[in-house]
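Residue numbers (my numbering): 1 to 451.
Just so it is clear, CB atoms sit at the ideal spot from N, CA and C, and this is done for glycine as well.
Values in this document were obtained by computation on a predicted structure and should not be read as measured data.
Have a look at this one:
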């Protein structure tokens, strides 16, 4: 837990927005081929996590090791977990088994590190992902991805490993953070004039891709909160650069950083920038955004989205992210603050709501409760995860795609105003729910009540 606290610093008081952090690690494991996942924790927590995982498209079962007070206190729970791992370890079906401790087993000290590292050729990865230790589900993705990279790096250091299924003949740039499927393609096109190629995206979808990611020339922290993964790349001797190629300014700086880190000639870098920036400049000019927009979320790419909105012409007074401040988000933070944007790390729901109320935006981008708050005030709003993260951001395609959805949302302002006028006074206070008679005011505690 000391290492977790160092990797994922928490703020003094406010709890940032996020669902249960274990969902992030669970989702990473469920997306990987030939990987089984076992949860151990309260039954209600496991039910909720498996429900939301299947809601988001998981197509395989999640293992569960139950416990009670006796098995927890007497240490039987660890033995039950070990027995489940031994039964599940089938090399014809699995490359790895992921075991995730939720809050109660973590707090009780169930020692997953004592599980065997390998059973019949199947790798065993045990991690603790408690809600009291990992602030957001986005960072829990890094917990598992980092543990897998560490295991894969140790394998590669010991000898030859199986090559990735798809390999580029060029030096590669590993990409940290989940992205829309078209974004790695756009990044690959940006890197091609430099003689580089986009490498695997971490978290990976296959165990072999971990070897390919570690075999990169350089890693790019597209999402800047992957602290454990960064540590593994640095241990492997791979430099890590910050930010991402979104919009014109960030793309130019990103290509400069890539070229400098890889020792590429200045003339070659300039040619790559000229080829990329002209098309991005044209896309931004053809897809302008007019209006005030606040941005918040818990994916880790909020600053990138804000940069693209600003370059598209939008007035962005505030961007909040549930993720922490790290060195790999510094260029984006500095650029945004130079444009007069207020940047808030570890933003709480209250902070994001206050931004909407203070700045009165034409559009609010954020989490579901923030979207609900904005719409209740006749402000059009978009859920960041499902509607912004599910679109390309890199290269010319990012500017066009973002403008389309933003314009579509902002044109709904009149509809929200009509709805608010129609429902004014309904659904709040005594008018909330169904009542058979008028509600009576209840006296405060300590006040005499007369009948």
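How many Å lie between residue i and residue j at the Cα?
| i | j | result |
| --- | --- | --- |
| residue 379 | residue 341 | 20 angstroms |
| residue 30 | residue 167 | 24 angstroms |
| residue 211 | residue 132 | 32 angstroms |
| residue 219 | residue 77 | 39 angstroms |
| residue 37 | residue 114 | 17 angstroms |
| residue 104 | residue 26 | 17 angstroms |
| residue 271 | residue 193 | 8 angstroms |
| residue 17 | residue 369 | 9 angstroms |
| residue 228 | residue 171 | 23 angstroms |
| residue 190 | residue 395 | 8 angstroms |
| residue 267 | residue 188 | 19 angstroms |
| residue 19 | residue 330 | 26 angstroms |
| residue 304 | residue 422 | 37 angstroms |
| residue 70 | residue 143 | 29 angstroms |
| residue 22 | residue 274 | 43 angstroms |
| residue 318 | residue 139 | 22 angstroms |
| residue 154 | residue 110 | 24 angstroms |
| residue 214 | residue 24 | 22 angstroms |
| residue 63 | residue 89 | 12 angstroms |
| residue 289 | residue 226 | 31 angstroms |
| residue 13 | residue 165 | Low confidence applies to residue 13: its pLDDT is 46, below 50, so where it sits in the model is not reliable enough to give any reading. |
| residue 251 | residue 75 | 53 angstroms |
| residue 400 | residue 355 | 27 angstroms |
Which residues bound the alpha helix (DSSP H) around residue i?
| i | result |
| --- | --- |
| residue 158 | 137-158 |
| residue 211 | 207-214 |
| residue 376 | 368-376 |
| residue 251 | 247-262 |
| residue 344 | First-last for residue 344: 342-345, but that is the beta strand (DSSP E), not the alpha helix (DSSP H). |
| residue 34 | It is not in any alpha helix (DSSP H) - residue 34 carries neither H nor E in the DSSP assignment. |
| residue 282 | 266-286 |
| residue 303 | 302-311 |
| residue 404 | 395-410 |
| residue 77 | 76-88 |
| residue 228 | 227-235 |
| residue 112 | That residue, residue 112, is in no alpha helix (DSSP H); it is neither H nor E in DSSP. |
| residue 392 | From DSSP, residue 392 is part of no alpha helix (DSSP H); its letter is neither H nor E. |
| residue 333 | 330-338 |
Select from the options the residue whose C-alpha is nearest the C-alpha of residue i.
| i | options | result |
| --- | --- | --- |
| residue 180 | 160, 202, 268, 191 | 202 |
| residue 127 | 102, 119, 422 | 102 |
| residue 58 | 327, 35, 41 | 35 |
| residue 323 | 194, 106, 302 | 302 |
| residue 39 | 47, 33, 32 | 47 |
| residue 130 | 376, 160, 41 | 41 |
| residue 80 | 311, 213, 112 | 112 |
| residue 145 | 348, 244, 98 | 98 |
| residue 377 | 349, 147, 424 | 424 |
| residue 362 | 329, 292, 143 | 292 |
| residue 297 | 226, 367, 60 | 367 |
| residue 198 | 44, 217, 229 | 217 |
| residue 118 | 391, 91, 358 | 91 |
| residue 295 | 52, 364, 332, 64 | 364 |
| residue 95 | 72, 125, 75 | 125 |
| residue 321 | 275, 314, 260, 136 | 136 |
| residue 372 | 408, 403, 416 | 416 |
| residue 406 | 387, 418, 419, 414 | 387 |
| residue 259 | 239, 75, 231 | 239 |
| residue 208 | 109, 162, 169 | 162 |
| residue 247 | 232, 276, 269 | 276 |
| residue 223 | 418, 327, 44 | 327 |
| residue 300 | 221, 338, 334 | 221 |
| residue 123 | 389, 413, 149, 106 | 149 |
| residue 196 | 86, 264, 183 | 264 |
| residue 349 | 332, 374, 402, 339 | 374 |
| residue 233 | 178, 156, 244 | 156 |
Which partner residues does residue i have in the DSSP bridge list?
| i | result |
| --- | --- |
| residue 201 | 175 |
| residue 297 | 321 |
| residue 381 | 364 |
| residue 222 | For residue 222, which the question treats as bridged, DSSP gives no partner whatsoever. |
| residue 70 | Per DSSP, none; premise fails for residue 70. |
| residue 39 | 64, 100 |
| residue 118 | 123 |
| residue 315 | 292 |
| residue 240 | 219 |
Just reading off the beta strand (DSSP E) that residue i is part of, what are its end residues?
| i | result |
| --- | --- |
| residue 97 | 96-101 |
| residue 351 | Careful: residue 351 lies outside any beta strand (DSSP E), inside the alpha helix (DSSP H) at 349-359. |
| residue 128 | 122-128 |
Check whether the Cβ of residue i lies closer than 8 angstroms to any Cβ atom in chain B.
| i | result |
| --- | --- |
| residue 257 | Among the chains in the structure shown there is no chain B, since it carries only a single protein chain. |
Next item on the list: Starting from the N-terminal side, write out each stretch of the alpha helix (DSSP H) that is 4 residues or longer and does not extend beyond the segment 156-191.
Entry: Annotation: the segment 156-191 contains the following complete segments of the alpha helix (DSSP H) (minimum length 4 residues), in chain order: 182-191.
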